[in-house]
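When you number the sequence shown by our numbering, it's gap-free, plus one each residue, and the end is 874. Note that the Cβ used here is the ideal one computed from N, Cα and C, for glycine as well.
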Amino acid sequence: MTIRGDSSATGVNADATAAAARVRGWLAGARRCLVLTGAGMSAESGIAPFRGGDQALWARFDPARLATPEAFAADPDLVWAWYLWRMAGVRAALPHAGHRALAALAGGHPHLQLVTQNVDDLHERAGSAGVVHLHGELFALRCAACAAPAALPALPAAGQAPALRQPPPRCRRCGGAVRPGVVWFGEALPAPAWQAAEAAARSCDLVLVVGTSGLVHPAAALPAIARRHGARVVEINPSPTALSGAADLCWRATAAQALPLLTDASAKPGG
Ligand SMILES: [Zn+2]
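Quick look at the structure:
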């Protein structure tokens with residue numbers, strides 16, 4: 604069975620059973636494993652991809668123009684209202700079987716590092732600990748002026764019409780505007796998160812790349828870093844991506860379809 608390369612280009616697509624068996628074997632033999640998750644993982648929980656907003660109120664706004672320090676400085680009420688709406692959407696979403704499977708895998712593998720590009724908390728709510736958030740965390744609010752942590756305010760109830768403008772809370776230390784804990788366009792990744800992710804890429808034997816387009820850098824460089832250091836790369840994604848060509852195995856499935864097949868429960872006879 605030829606499994607290297609982009610299945611869409613070669614016409615080869617390991618079927619789910621074969622792919623799961625192969626990856627389970629690699630997982631069992633790996634001393635250290637890196638799992639990198641992206642927007643596709645959250646999309647399966649109903650959280651719209653960052654650039655795919657279809658909510659009527661916000662459809663006319665370009666997220667790329669709201670998610671910047673400049674936009675927040677120029678119109679904090681507009682940007683904060685947008686984030687309140689996004690936070691309410693994440694609160695209403697639930698982790699899926701793929702999130703739960705990754706938590707279970709980590710429980711059985713002492714050196715599995717989960718790195719995500721997602722800013723939601725679905726991995727944590729599924730039971731994963733020590734998740735590295737490359738692009739920050741939506742709910743880790745902080746002061747835009749002095750960086751002091753800030754408490755989460757009440758979120759709009761599900762179904763409640765979102766406001767178009769809402770003043771951000773004020774910092775209790777300095778009175779500055781409170782902002783979401785995400786990395787905005789033009790901002791650097793949090794250094795500790797990037798360092799942890801890169802260290803995991805350098806030291807792992809196996810990378811699972813799940814639900815990411817491979818277009819957002821520097822996160823997209825992590826599989827290549829791992830590969831240069833001798834790791835196998837497995838891509839789990841329904842369609843080919845920029846990373847497919849460098850993967851040892853491309854498994855064309857969603858996270859919720861594929862990841863549960865990697866857990867111990869699924870490996871038992873009859874499972
Ligand atoms: Zn402050």
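Taking the alpha carbon of residue i as the reference point, which residue from the options has its own alpha carbon closest?
i	options	result
Cys853	Val781, Leu811, Ala804, Ala823	Leu811
Arg635	Ala704, Ala747, Ala829	Ala829
Leu708	His832, Asp808, Ala794, Val638	Val638
Ala695	Arg855, Asp723, Arg745	Asp723
Pro698	Arg728, Leu755, Arg663, Ser806	Arg728
Thr857	Val813, Val626, Trp683	Val813
Val819	Leu865, Gly789, Phe664	Gly789
Leu737	Leu862, Ala834, Ala621, Leu825	Leu825
Ala861	Arg835, Cys774, Ala646, Ala704	Ala704
Leu715	Gly632, Leu725, Pro793, Tyr686	Gly632
Val786	Thr671, Ala849, Thr866	Thr671
Ala753	Glu740, Gly730, Val837	Glu740
Pro679	Ala642, Ala760, Ala747, Gly649	Ala747
Ala764	Gly692, Arg745, Gly730, Ala796	Gly692
Ala823	Ala780, Thr719, Thr866, Gly784	Thr719
Arg855	Ala849, Pro843, Ala799, Pro793	Pro843
Thr866	Glu673, Pro759, Ala700	Ala700
Tyr569	Leu755, Ala706, Pro793	Residue 569 is absent from the model: the chain starts at 604 and stops at 874.
Ala684	Trp797, Ala780, Pro841	Ala780
Ala651	Pro821, Met690, Ala796, Ala760	Met690
Quick one: Cα of residue i to Cα of residue j, how far?
i	j	result
Leu846	Leu717	18 Å
Pro666	Asn721	15 Å
Gly778	Ala751	11 Å
Gly608	Asp851	Annotation note: pLDDT 40 at Gly608 (below 50); position unreliable, coordinate value reported separately. In a straight line, the C-alpha of Gly608 is about 6 Å away from that of Asp851.
Ala743	Arg782	9 Å
Gly655	Thr815	Confidence at Gly655 is low in this model, with a pLDDT of 43, below 50, so its placement is unreliable and the value that follows should be read with caution. Using only the alpha carbons, I get a separation of about 15 Å.
Ala676	Leu767	16 Å
Gly762	Ser806	45 Å
Ile606	Leu630	Confidence is the limiting factor: at Ile606 the pLDDT is only 43, short of 50, which leaves the residue's position unreliable, though a coordinate-based value still follows. Computed Cα separation, rounded: 17 Å.
Ala802	Ile839	22 Å
Ala623	Ala791	36 Å
His832	Asp618	28 Å
Trp688	Pro772	15 Å
Val735	Gly817	17 Å
Met644	His702	8 Å
Cys749	Arg775	10 Å
Gly711	Arg835	20 Å
Ala757	Arg627	43 Å
Ala732	Leu725	11 Å
Trp661	Ala859	28 Å
Phe664	Thr640	26 Å
Gly649	Pro713	30 Å
Pro863	Pro770	42 Å
Leu809	Leu681	43 Å
Arg745	Pro841	36 Å
Measuring from the CB of residue i, is there a heavy atom of ligand 1 at a distance below 8 Å?
i	result
Gly778	yes
Cys774	yes
Ala751	yes
Cys746	yes
On the DSSP letters alone, give me the boundaries of the alpha helix (DSSP H) that residue i sits inside.
i	result
Leu725	725 to 728
Beta strand (DSSP E) containing residue i: first to last residue?
i	result
Val718	715 to 719
At a cut-off of 8 Å, would you count residue i as near ligand 2, judging by its Cβ distance to the nearest heavy atom?
i	result
Ala757	This structure simply doesn't include ligand 2; it includes ligand 1 instead.
So with Cβ pairs under 9 Å, would you call residue i a contact of chain C?
i	result
Ala743	Of the chains in the structure shown, none is chain C; there is only one protein chain.
Practice task
Just list the alpha helix (DSSP H) runs in the segment 652 to 707, keeping only unbroken ones of 4 residues or longer that don't cross its boundaries, in chain order.
Solution key: Counting only runs of at least 4 residues, the segment 652 to 707 fully encloses the following alpha helix (DSSP H) elements, listed from N- to C-terminal order: 666 to 669, 672 to 677, 679 to 695.
Handout entry: 3-residue-minimum beta strand (DSSP E) runs that sit fully inside the segment 745 to 824, ordered along the chain
Key = Runs of the beta strand (DSSP E) lying entirely within the segment 745 to 824 and spanning at least 3 residues, in chain order: 781 to 785, 809 to 813.
Practice task
Report the residue ranges of all beta strand (DSSP E) runs contained in full by the segment 820 to 869; include only those spanning at least 3 residues, in chain order.
Solution key: Whole beta strand (DSSP E) segments, 3+ residues: 835 to 839, 852 to 854.
Problem - Those runs of the beta strand (DSSP E) which lie wholly inside the segment 628 to 654 and span at least 3 residues - result: You should have 636 to 640.
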